[in-house]
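Chemist: The sequence shown begins at 9 in my numbering and counts up by one.
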Amino acid sequence: MKILVVGLNHKSASIAIREKLAFDSEQTKKALRDLKTRFDGSEFVLVSTCNRIELYCASKTGKGVDAATIAEFLAEFHNIPLNNFRDFLYVYENEDAVRHLLTVASSMDSMVLGEGQILGQVKESYRLACSEKSTSKVLNRLFHCSFATGKKIHTTTSIANGRVSVAGVAVELAMQLFADIPSAEVIVIGAGEMGELLVQHLLHISCKNITVVNRSFDRAKDMAGHYGIFASQWHALPEQMITSDIVIASASCQDYLFTKKQFEKIISRRKKGSLLLIDIAVPRNFEPAVNEIEDIYLYSVDELAEVAKQNRKARENDIAKGMEVIHEEAARFMDWFKAKDIGPLIGKLKKKFALISQDELARFFADTRENTLFQDTAESMAKLTANRLLHRVIKNVNRVAKSHGPAEASRLVESIVQHAEKIVAGSEKKGDTQL
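Okay, structure coming up:
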């Protein structure tokens with residue numbers, strides 16, 4: 009069996025590529041259903057966030073699940089030519105795939121080192137896979153291992169200190185670009201988790217004039233009431249931007265909220281100076297061409313990378329500690345992965361030993377008239393002998409596992425099972441039946 013991950017992220021592909029391959033919740037569930045139907049018996053979890061799209065698979069060798077078929081699936085699902093993104097994909101297998109997931113879940117692979125949101129996003133991705141029954145023994149254990157590893161790193165290192173979210177870095181960028189941030193009129197588009205984080209960070213730097221705008225006005229009102237800020241109706245958003253200084257967008261949508269043409273109409277009515285737009289949504293809320301308009305300064309999530317890089321550099325020691333944990337936990341998982349088939353094989357071997365002893369007893373008593381006097385005793389002795397032999401085999405298997413690794417131990421048990429099957433089938437010669 010093999011573990012495979014195929015994906016792209018903020019380091020390998022621009023936002024222009026990532027937004028075309030992004031999955032929302034309903035698309036994720038549909039993709040998992042399609043994959044489960046196409047590759048029966050394989051396991052899948054799909055992780056799609058603003059910075060990455062990754063498909064994790066566990067399948068038996070020869071089942072047809074490989075990097076090429078996964079890439080073709082992504083292209084087919086989104087109706088995008090594979091050549092448009094093939095060169096941006098990365099592929100990891102087995103232990104490399106395990107280490108990658110642990111690195112992702114612990115935020116060590118995030119644009120913003122230490123961000124707390126990624127672990128929740130990975131958990132949500134796993135929950136969706138469970139709801140579609142597209143994950144089983146291997147990925148269940150792997151993803152729970154990633155959750156535990158992420159928690160361990162966040163509690164044993166300091167990587168979560170400072171501004172460790174995309175929202176926090178967006179506000180930090182706003183501080184660098186806008187001189188008098190406390191007096192700025194700020195609009196936050198979106199009242200989800202990211203929108204709430206934005207509000208928290210803005211309040212922390214003493215912003216007082218904050219308006220949240222959301223499709224659901226009730227949700228916007230609830231957030232506004234909780235934080236003592238303002239809420240506005242969705243349809244009033246263009247009017248709000250006429251007087252604002254900073255707009256930070258994090259709304260979930262498949263199409264642009266504003267194109268360049270739409271925005272030009274808004275700007276023509278502005279009497280204020282420049283307008284700072286920070287778009288941290290994927291897919292993006294503002295058409296990139298909006299940045300071409302005079303006095304408009306548009307930054308996407310990828311352009312937050314330089315600010316995030318400064319934060320990352322300050323925590324290099326924590327990165328090293330975190331990677332040590334990841335390598336330890338990945339090795340522990342791989343020990344289980346390589347040895348996971350030994351238990352069922354031992355059970356299979358036990359049944360074969362029992363069949364061999366039953367066959368030998370049947371032959372022994374076939375021509376014995378007084379078999380009833382000794383049969384019960386003989387059966388008990390044969391069973392005891394078989395169990396002792398099995399115990400000795402298990403001890404030797406454990407020695408092999410310790411000295412040569414679980415994979416070699418698994419191969420040893422498999423070879424013994426094959427010999428036992430030949431004996432049961434009566435296909436081996438009398439002199440070749442030794443184990």
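Ideal Cβ positions, reconstructed from N, Cα and C, are used throughout, including at glycine.
Would I301 pass as a contact of K268 if the rule is Cβ separation under 8 Å?
Modeler: In contact: I301 and K268 (Cβ atoms closer than 8 Å).
Chemist: For the beta strand (DSSP E) containing C65, name the first residue and the last one.
Modeler: Taken as a continuous stretch (DSSP letters only), the beta strand (DSSP E) holding C65 covers 60-67.
Chemist: For V106 and A390, which I take to be in contact (beta-carbon distance under 8 Å), what is that distance rounded to the nearest angstrom?
Modeler: At roughly 44 Å, the Cβ-Cβ gap does not stay under 8 Å, so V106 and A390 are not in contact.
Chemist: Can the beta-carbon of L306 be found less than 8 Å from the beta-carbon of D287?
Modeler: It is a contact, given that the beta carbons lie within the stated cut-off.
Chemist: Taking the alpha-carbon positions, what's the E422 to L353 distance?
Modeler: Answer to the nearest angstrom: the Cα atoms are 7 Å apart.
Chemist: Considering K37, what are the terminal residues of the alpha helix (DSSP H) in which it resides?
Modeler: Looking at the DSSP string, the run of the alpha helix (DSSP H) that includes K37 is 33-46.
Chemist: Quick one: what does DSSP say K348 is sitting in, helix, strand or coil?
Modeler: K348: coil per DSSP, three-state reduction.
Chemist: Between A30 and Q426, what straight-line distance do the alpha-carbon atoms span, to the nearest angstrom?
Modeler: Roughly 47 Å between the two C-alpha positions.
Chemist: Contact check, A113 vs V130 under 8 Å by CB: the rounded distance?
Modeler: About 5 Å; that satisfies the 8 Å criterion.
Chemist: May I have the straight-line CA-CA distance separating K329 from T165, to the nearest angstrom?
Modeler: Straight-line Cα distance between these residues: approximately 7 Å.
Chemist: Give the secondary structure of G15 by DSSP, where H, G and I count as helix, E and B as strand, and everything else as coil.
Modeler: Strand.
Chemist: Name the DSSP beta bridge partners of F4, please?
Modeler: It is not possible to answer for residue 4, since the shown part of the chain is limited to 9 through 443.
Chemist: Looking at the secondary structure, which residues open and close the alpha helix (DSSP H) in which I288 lies?
Modeler: That residue, I288, is in no alpha helix (DSSP H); it is neither H nor E in DSSP.
Chemist: Suppose the cutoff is 6 Å on Cβ atoms and the five residues either side in sequence are ignored; what does the same chain contact list for V220 look like?
Modeler: Hits under 6 Å: V196, A199, A228, M231, A232, A239.
Chemist: Taking the alpha-carbon positions, what's the M331 to G158 distance?
Modeler: Taking the straight line joining both Cα atoms gives about 11 Å.
Chemist: Do the region 52-71 and the region 137-157 meet, that is, are 3 or more Cβ pairs less than 8 Å apart?
Modeler: Contact holds: three or more Cβ-Cβ distances are below 8 Å.
Chemist: Near G203, what residues of its chain come up, given a Cβ to Cβ distance below 6 Å and the 5 sequence neighbours on each side ignored?
Modeler: Closer than 6 Å at Cβ, skipping near neighbours: V196, S258.
Chemist: When we look at the beta-carbon of D32 and count the other beta-carbons within 10 Å, is it buried (16 or more) or exposed?
Modeler: By the 10 Å Cβ count, D32 comes out exposed.
Chemist: Roughly how many angstroms separate the alpha carbons of I167 and N59, rounded to a whole number?
Modeler: Distance between the alpha carbons of I167 and N59 is about 19 Å.
Chemist: By the three-class DSSP mapping on this structure, what secondary structure does T219 have?
Modeler: Strand.
Chemist: Check whether the Cβ atoms of F186 and D253 lie closer than 8 Å to each other.
Modeler: Closer than 8 Å, so yes.
Chemist: Among V207, G122, I189, which has the Cα closest to the Cα of T163?
Modeler: For T163, the nearest C-alpha among the options comes from G122.
Chemist: Where does the unbroken alpha helix (DSSP H) through E132 begin, and where does it stop?
Modeler: Looking at the DSSP string, the run of the alpha helix (DSSP H) that includes E132 is 125-139.
Chemist: Which residues share a DSSP beta bridge with V106?
Modeler: DSSP output for V106 lists no bridge partner at all.
Chemist: When you compare only the Cα positions, how much space is there between R396 and K10?
Modeler: Approximately 34 Å, taken between the alpha carbons.
Chemist: Per DSSP, what are the beta-bridge partners of K10 in this structure?
Modeler: S67.
Chemist: Please classify I213 as buried or exposed, where buried requires at least 16 other C-beta atoms within 10 Å of its C-beta.
Modeler: Classification of I213: exposed, given that the 10 Å Cβ count is below 16.
Chemist: I'd like to check one pair, V179 with H209: are the Cβ atoms closer than 8 Å?
Modeler: Yes; because the gap between Cβ atoms is below 8 Å, this pair is in contact.
Chemist: Going by Cα to Cα distance, which pick from L420, Q383, E34, D343 is closest to L136?
Modeler: Comparing Cα-Cα distances from L136 to each of L420, Q383, E34, D343, the minimum goes to E34.
Chemist: Give me, in chain order, the residues of the same chain whose beta-carbon lies closer than 7 Å to that of E193; leave out the 5 immediate sequence neighbours on both sides.
Modeler: Correct list, in chain order: N217, T251, S252, D253.
Chemist: Who are the Cβ neighbours of K71 in its own chain at under 7 Å, not counting the five residues just before and after it?
Modeler: Excluding residues within five positions, the ones whose Cβ falls inside 7 Å are F47, G49, S50.
Chemist: What are the start and end residues of the beta strand (DSSP E) that includes A257?
Modeler: Note, A257: beta strand (DSSP E), 254-257.
Chemist: So who's on the other strand from E101, going by DSSP bridges?
Modeler: In DSSP, E101 forms a bridge with L12.
Chemist: Is L357 near the ligand MG, going by C-beta to nearest heavy atom under 7 Å?
Modeler: Here there are no bound small molecules, and the ligand MG is not part of this structure.
Chemist: How far does the alpha helix (DSSP H) with F85 in it reach, from first residue to last?
Modeler: Looking at the DSSP string, the run of the alpha helix (DSSP H) that includes F85 is 75-86.
Chemist: Which residue wins for smallest C-alpha separation from G236, given the options V207, A428, N222, K28?
Modeler: Minimum Cα distance to G236 is reached at V207.
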